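Working notes, structure below.
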Amino acid sequence: MRLSQLLVVTLREDPADAEVVSHRLLARGGYIVKTAAGVYTYGPLMWRTLRKLSQIVREELDREGAQEVMMPILQPKELWTSSGRWDRYVNDGILFTLKDRKQTELCLGPTHEEVITDFVDTLVTSYKQLPVNLYQIQDKFRDEIRPRFGLMRGREFIMMDAYSFDADQKGLDAAYARMDRAYRRIFERCGLKFRVVQADAGAIGGSGSEEFMVLADTGEDTILYCAESGYAANVEKATSVAPAAPEGGPARPMAKHATPEIRSVQQLEEFFRLPAAAMAKTVLYKAVWHDREEVVAVLMRGDLEINEVKLANALNCLSLKLADEASIRAATGAEVGFAGPVNLGVKVRLLADLTVQGRTNLLTGCNETGFHCLDVNLGRDCRMPEFHDLRTARAGETSPDGKGPLRQARGIEVGHIFKLGTKYSTAMGATFMAENGKPQPFVMGCYGIGVSRTAAAAIEQNHDEKGMVWPAAIAPFVVAVAILDIKREAQSKLGEDLHGRLQAAGLDVCLDDRPLSPGAKFKDLDLLGFPVQVIVGRRAEEGVVEFVVRRGSVKSEIPAADVVARVQEALRG
RNA sequence: CGGGCUGUAGCUUAGUCUGGUAAAGCGCGUGGUUUGGGACCACGAGACCGCGGGUUCAAAUCCCGCCGGCCCGACCA
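If you read the first sequence in the numbering used here, its first letter stands for residue 5, the second for the next number, and so on.
Spelled out as structure tokens, the structure:
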């Protein structure tokens, strides 16, 4: 392929709206052009990379027995009400919805559980046809609150989504294990450094799930892991051994104290000369379900933080936000800063973190402006709350298996695998005839890979100040041959010759035969990030070229005759 | 959803406060000179200044509305 004929336009300056490295470099390199907020057109180079990525995904999924299909983007509302997800997705505001000429409501698919379940229910009638694992690679649509970071969080993006259908849990476990294997091979082949972490299942639902995280400082997710035991989890899901708190001792009678203008944990520490760990703070949330809204109170040890994902799961609500001042006054009868479990109205549901379970003599608010209570004992001085793990685990705390400290890293979620179970098949009445002659719901798994996001993640992880440094497996071209001065016969002849030989060797090579100055070509090729560069320049007459490995800009002069072998060697290494 | 900022040539931006002939660099075209880290010279094309309304002798500039875009925030008592 000749760069003179390929539509590649590089920008000298960074686009004004690009914040993260991958967005900046992809836009500057002409890989992508923004069409609307969070919507991009992929240029020829980008598409080559995306096709290579997709091909790796296909090969590894096919090896595990999955079959490729193609589902519609346009999906009817009734399919989404049948699974019960229409409300949640509309409530979260991420669903693109529209009406047709007959005023029938439709959405643009953000994911395809409903479509595939309906499809399989139609075709699969007997356990004899199971297991089945189907996947597609397709554009997905999510009306993100804030599309940003280029391909990292778009409103239209390419995703591979796979769905497994089994007769029982054992079958699902096997399907899940196969996908886990396939995913590890996919990201290894892509040349990415990644970590598999336990994850919250979120809006998709189901029993177990793991995320595949590409490690990069710019990642939107925080992960905690234990080097000693291998435990790793998204902070949304992670647990830990809570740091020790002082013993409360035998229960003492509760005592109310005037605490004018003392509202925060920090102020209470000073006022009572007690550590935060001896307190239980009470945080009020407004939780939303599909049919109601409610204010709930959450008790958390004073030195620890509430994990809203865990809280939402415990409440099984659609969404959650901190209660506003008016709701707090209405629920507690006190100003903000004095909420507590004591004398809390019976209408307000009371939850508590496990770290306050069994604790004695706590310092808490008591729902009276200007007062806090010492030596509060749950169940005696107030209702006994419902206990759940509602705490955010932090780096430095001990891994839940007790084997070592948790460390923190940032990650980009590029893959996610879920054990759905029968959530969708039951809701939608999707059944097959089991061996015992009775209809049974399919046991399902679902599995996603953000294809376009993975390409962006590869750049977040592999770049330098000059530009991208593609892993060879997903580079648009693995090697570029640059003819520095196309008017010099020796150079252009040797360049053409090398281009032909590399092509004959089966390598994805491009020839930079553009009429540009040498400096411009160097800058461009560095920016575009092909793994190997062969520079045909002033020593072409002698049959000598410069051989550059993009990663680290390692340069050497070598005989033209060695080029094919050296390129192959560099790509292996 | 709330707050702030912003919209001028393909891109990056100046000009807006204080109304008075739309400007620069990059990119693009033509000709010439160049050719190992974004070359140089000359000439040239390219802008309903986001859209609509208003104020004014006069609006990129002031006012109102709408539409894009960007950033931050969404309160841990």
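The beta-carbon is built from N, C-alpha and C at its ideal position, and this holds for glycine as well. Note that the structure is predicted; figures quoted are calculated from it, not measured.
Nearest by alpha-carbon distance to residue i: which of the options is it?
{"i": "Leu498", "options": "Gly510, Val485 and Gln507", "result": "Val485"}
{"i": "Gly349", "options": "Val536, Arg333 and Gly577", "result": "Arg333"}
{"i": "Gln9", "options": "Tyr44, Leu49 and Asp21", "result": "Leu49"}
{"i": "Leu78", "options": "Val352, Leu57, Val94 and Leu112", "result": "Leu112"}
{"i": "Thr426", "options": "Leu506, Ala171, Lys407 and Thr336", "result": "Ala171"}
{"i": "Ser26", "options": "Val473, Lys559 and Lys174", "result": "Val473"}
{"i": "Trp293", "options": "Ile266, Val287, Lys325 and Asp307", "result": "Lys325"}
{"i": "Tyr289", "options": "Ala282, Met258 and Thr336", "result": "Thr336"}
{"i": "Ser429", "options": "Ala259, Tyr167 and Val43", "result": "Tyr167"}
{"i": "Glu545", "options": "Arg555, Glu469 and Ala564", "result": "Ala564"}
{"i": "Ala434", "options": "Thr359, Ala316, Leu83 and Gln71", "result": "Leu83"}
{"i": "Ala316", "options": "Glu329, Arg16, His116 and Ala301", "result": "Ala301"}
{"i": "Leu378", "options": "Glu240, Pro257 and Glu439", "result": "Pro257"}
{"i": "Lys38", "options": "Leu382, Trp51, Thr53 and Asp21", "result": "Asp21"}
{"i": "Ala262", "options": "Phe276, Glu251 and Ala249", "result": "Phe276"}
Is it buried or exposed, residue i, if we count other Cβ atoms within 10 angstroms and call 16 or more buried?
{"i": "Asp566", "result": "exposed"}
{"i": "Met432", "result": "buried"}
{"i": "Ile149", "result": "exposed"}
{"i": "Pro345", "result": "buried"}
{"i": "Ser213", "result": "buried"}
{"i": "Met388", "result": "exposed"}
{"i": "Asp66", "result": "exposed"}
{"i": "Val538", "result": "buried"}
{"i": "Lys132", "result": "exposed"}
{"i": "Thr243", "result": "buried"}
{"i": "Lys174", "result": "exposed"}
{"i": "Asp165", "result": "buried"}
{"i": "Leu127", "result": "exposed"}
{"i": "Ala186", "result": "buried"}
{"i": "Gln107", "result": "exposed"}
{"i": "Thr115", "result": "buried"}
{"i": "Gln71", "result": "exposed"}
{"i": "Gln495", "result": "buried"}
Could you tell me how far apart the beta carbons of residue i and residue j are, in whole angstroms, since I believe they sit closer than 8 Å?
{"i": "Val313", "j": "Asp393", "result": "In fact, because the Cβ distance is near 11 Å, the residues do not count as touching under 8 Å."}
{"i": "Ala462", "j": "Pro480", "result": "The pair is not a contact, with the Cβ atoms about 12 Å apart (cut-off 8 Å)."}
{"i": "Leu196", "j": "Gln412", "result": "The pair is not a contact, with the Cβ atoms about 20 Å apart (cut-off 8 Å)."}
{"i": "Phe169", "j": "Met448", "result": "6 Å"}
{"i": "Ser560", "j": "Phe551", "result": "5 Å"}
{"i": "Leu155", "j": "Lys423", "result": "Wrong, their Cβ atoms sit about 28 Å apart, outside the cutoff."}
{"i": "Gly306", "j": "Val269", "result": "5 Å"}
{"i": "Val215", "j": "Glu417", "result": "For the record, residue 215 in the displayed sequence is Glu; it is not Val. That belief holds up - the Cβ atoms of Glu215 and Glu417 are roughly 5 Å apart, short of 8 Å."}
Grab me the residues of residue i's own chain with a C-beta within less than 6 Å of its C-beta, minus the 5 sequence neighbours each way, in chain order.
{"i": "Met183", "result": "Ile421 and Tyr451"}
{"i": "Met304", "result": "Lys285, Ile310 and Asp357"}
{"i": "Lys103", "result": "Glu109"}
{"i": "Tyr93", "result": "Leu99"}
{"i": "Gly34", "result": "Val12, Val13, Thr14 and Gly47"}
{"i": "Gln361", "result": "Phe391"}
{"i": "Gly533", "result": "Gly471, Met472, Val473 and Trp474"}
{"i": "Asp516", "result": "Leu7, Ala484, Ala486 and Lys525"}
{"i": "Val73", "result": "Leu138 and Gln140"}
{"i": "Cys514", "result": "Met5, Leu7, Phe481 and Ala484"}
Only counting the same chain, and skipping five residues up and downstream in sequence, which positions put a Cβ closer than 7 Å to that of residue i?
{"i": "Pro264", "result": "Gly374"}
{"i": "Arg199", "result": "Met217, Leu219, Ile227, Tyr229, Ala236 and Gly415"}
{"i": "Pro247", "result": "Glu401"}
{"i": "Ser130", "result": "Phe436 and Met437"}
{"i": "Val43", "result": "Gly158, Arg159 and Glu160"}
Could you pull out every residue in the same chain whose Cβ sits closer than 8 Å to the Cβ of residue i, ignoring the five residues on either side in sequence?
{"i": "Pro57", "result": "The sequence given here places Leu at residue 57; Pro does not occur at that position. Result list for Leu57: Cys194, Val455, Thr458, Ala459 and Ile478, in chain order."}
{"i": "Leu278", "result": "Leu272 and Leu367"}
{"i": "Asp405", "result": "Cys230, Ser233 and Tyr235"}
Item to check | Ordered list of alpha helix (DSSP H) runs contained in the region 12-57, each at least 4 residues | outcome: 25-32
Next on the checklist: I'd like the ranges of any beta strand (DSSP E) spanning at least 3 consecutive residues and lying wholly in the region 451-488.
Outcome noted: 483-487
Checklist entry - What residue ranges within the region 488-572 form continuous alpha helix (DSSP H) runs of no fewer than 4 residues, ordered along the chain? => result 493-508 and 522-532
Next on the checklist: Threshold first: 3 residues or longer. Then list the beta strand (DSSP E) segments lying entirely within the region 113-195, N to C.
Outcome noted: 136-145 and 160-170
Next on the checklist: What ranges does the beta strand (DSSP E) occupy inside the region 376-445, keeping only unbroken runs of at least 3 residues that lie completely in it?
Outcome noted: 390-392, 411-425, 435-437 and 443-445
Item to check | Complete runs of the alpha helix (DSSP H) confined to the region 266-322 [at least 4 residues] | outcome: 269-276 and 312-319
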